[in-house]
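For reference, each letter of the sequence shown is one residue, going 19 to 220 in my numbering.
C-beta atoms are modelled at their ideal positions from N, C-alpha and C, and glycine is treated no differently.
Bear in mind the structure is a predicted one, so any value in this text is a computation, not a measurement.
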Amino acid sequence: MLNLIRKDVLLQKTTIMFLLPLLVVYLFLENSSIWGGIIFSIAIIMNAYSVDEKASIHMLLNSLPYTRKEIVSAKYMGAFVFMGIVVVTIIIGNLIIHREITIWKDVLFIVSPVMVGISLMFPFSYKFKSQYMLIGALVSLVIYMVVIPLIIPNSNDKIREFVQVVLTLPTTQFYLLIALSVLVLYVGSWLLSIRIYERKVF
Numbered sequence: 019m020l021n022l023i024r025k026d027v028l029l030q031k032t033t034i035m036f037l038l039p040l041l042v043v044y045l046f047l048e049n050s051s052i053w054g055g056i057i058f059s060i061a062i063i064m065n066a067y068s069v070d071e072k073a074s075i076h077m078l079l080n081s082l083p084y085t086r087k088e089i090v091s092a093k094y095m096g097a098f099v100f101m102g103i104v105v106v107t108i109i110i111g112n113l114i115i116h117r118e119i120t121i122w123k124d125v126l127f128i129v130s131p132v133m134v135g136i137s138l139m140f141p142f143s144y145k146f147k148s149q150y151m152l153i154g155a156l157v158s159l160v161i162y163m164v165v166i167p168l169i170i171p172n173s174n175d176k177i178r179e180f181v182q183v184v185l186t187l188p189t190t191q192f193y194l195l196i197a198l199s200v201l202v203l204y205v206g207s208w209l210l211s212i213r214i215y216e217r218k219v220f
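If you want it as structure tokens, here you go:
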């Protein structure tokens, strides 16, 4: 299974070398490192998934000495590798550019939404195709930009205020609860994806 993860990292080498400098520029412009970390992590992870999405590639993978459980598990474990690359880049970038140490709360607020996003995207992609998520994302964007402001005025400001409030909370128990909830969701998604993939016919 480690070879499958290594394969994904090698295939994403060009993408990583292209996106990480953009992430550094993003940090240099004093944008939110949390938001940048989320976007760049999901972009790399889902790009790694889309590379293997062709039926012919799945037929090749299934002809190799790997179980379907291992093929799916490699994607979920590989997601941590790509998140780690982005987080390390942000930590080093903030240290060099802004002379500040990235606190663990910021890392948690990068990793948690990415894990939640992957937990929702991977099962959907295994059941259907990731290209359909683009349609879903566009519909969601329209709803967010048109419908939500009518229901909740100044929704963006309220979201930012909520995140700032959560970041300043002193209790570590709250963050442990978040981490545990996200981990349970991730493991549940992992098992669901395995179940979907094992029943798939190529």
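- DSSP, reduced to helix, strand and coil, places M19 outside both helices and strands of the structure shown, so it counts as coil.
- A contact between stretches requires three or more CB pairs, one per stretch, nearer than 8 Å, and the stretch 86 to 94 fails this requirement with the stretch 107 to 118.
- Scanning the stretch 93 to 134 from its first residue to its last, no whole alpha helix (DSSP H) run of 4-plus residues comes out.
- The residue from A66, G102 and V183 with its alpha-carbon nearest to that of L29 is A66.
- The beta carbon of I212 is closer than 8 Å to those of R86, K87, V90 and S91 in its chain, skipping five residues each way along the sequence.
- Out of I128, A197, E48 and M19, the CA that lies nearest to the CA of G96 is found in M19.
- Apart from sequence neighbours up to five positions away, the residues of its chain that approach V132 with a beta-carbon distance below 8 Å are G55, I56, S59, I60, I63, A97 and M101, ordered along the chain.
- A check of alpha carbon separations from V69 across L195, K147 and E179 identifies K147 as the nearest.
- Restricting attention to A197, Y84 and D26, the CA atom closest to the CA of W122 is found in A197.
- By the CB criterion at 7 Å, L209 and T107 fall outside the cutoff.
- Scanning S130, Y44, E71 and V219 for the CA closest to the CA of L195 turns up S130.
- Note that the C-beta distance between I103 and I52 is not below 7 Å.
- Secondary structure note for S50: it is in no alpha helix (DSSP H), with a DSSP letter that is neither H nor E.
- Contact between S207 and S137 is confirmed by a C-beta separation of about 4 Å, below the 8 Å threshold.
- Taking the Cβ atoms as the reference, P141 lies roughly 20 Å from I23, outside the contact range of under 8 Å.
- Sequence-distant partners of T33 (beyond 5 residues in either direction) whose C-beta falls short of 7 Å from its own C-beta, in its chain, are I62 and N65.
- Using a Cβ distance threshold of 7 Å, V125 and V200 do not count as a contacting pair.
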